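J.: Positions in the sequence shown are counted from 1; adding 4 to them yields the working numbering. Structure in structure tokens, see below.
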Amino acid sequence: MDPLDKCIADKGIKEYGAFWCPNCAKQEKMFEDSYDIIMDMGVYVECDARGDNEQSALCIEKGIKGYPTWEFQDGTSLQGVMELHTIAEKAGCEAPRPK
Numbered sequence: 005m006d007p008l009d010k011c012i013a014d015k016g017i018k019e020y021g022a023f024w025c026p027n028c029a030k031q032e033k034m035f036e037d038s039y040d041i042i043m044d045m046g047v048y049v050e051c052d053a054r055g056d057n058e059q060s061a062l063c064i065e066k067g068i069k070g071y072p073t074w075e076f077q078d079g080t081s082l083q084g085v086m087e088l089h090t091i092a093e094k095a096g097c098e099a100p101r102p103k
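Next up, the structure:
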């Protein structure tokens, strides 16, 4: 398990996306194999009503306009593909080590 994945899950960070979104796929690839933790621990929120475990009503309620959108514990959000160190810094987590 990557410490960043567990940390963002423990802090309640959310990533809003859609199964068909190419930028979401890019973001997923950046997490490599540890993205399963993002999925399993409820960090990822599927916004398309056609997707698995969809939560489209929540995405509408939150006003999500683009994917991916990262929502942090302080209520702020960042939209687009984010570098992992940016997510870590904003979340107050340890930044991943370069591979």
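Even for Gly, the Cβ is constructed at its ideal location relative to N, Cα and C. All values derive from a computational prediction rather than experimental measurement.
(1) For threonine 80, which residues from the same chain have a beta carbon less than 8 Å from its beta carbon, with the 5 sequence-adjacent residues on both sides left out?
(2) Can you tell me where the alpha helix (DSSP H) with serine 38 in it begins and where it stops?
(3) If you run the structure through DSSP and keep just helix, strand and coil, what is lysine 15?
(4) Enumerate in chain order the residues of its own chain whose CB-to-CB distance from proline 7 is below 8 Å, with the five nearest sequence positions on each side excluded.
(5) Please go through the same chain and pick out, in chain order, the residues whose beta-carbon is closer than 6 Å to the beta-carbon of threonine 73, but skip the five residues on each side of it.
(6) Just mark isoleucine 68 as buried or exposed, buried being the case when its beta carbon has 16 or more other beta carbons within 10 Å.
T.: Judging by the given coordinates:
(1) In the sequence shown, counting from the first residue as 1, residue 80 sits at position 76. Excluding sequence neighbours, threonine 80 sits near Lys94.
(2) Within the sequence shown, the letter at position 34 stands for residue 38. Serine 38 -> no alpha helix (DSSP H), and no H or E assigned at all.
(3) Walking along the sequence shown from the start, residue 15 turns up at place 11. It is coil, neither helix nor strand.
(4) As a working mapping, residue 7 is identified with position 3 in the sequence shown. Apart from the 5 residues on each side of it in sequence, proline 7 sits with its Cβ closer than 8 Å to the Cβ of Cys97, Glu98 and Pro100 in its chain, given in chain order.
(5) Mapped onto the sequence shown, residue 73 falls at position 69. Same-chain partners within the cutoff: Tyr20, Ser81 and Gln83.
(6) Taking the first residue of the sequence shown as 1, we reach residue 68 at position 64. Classified as buried, isoleucine 68 has 16 or more neighbouring CB atoms from the shown chains inside 10 Å of its CB.
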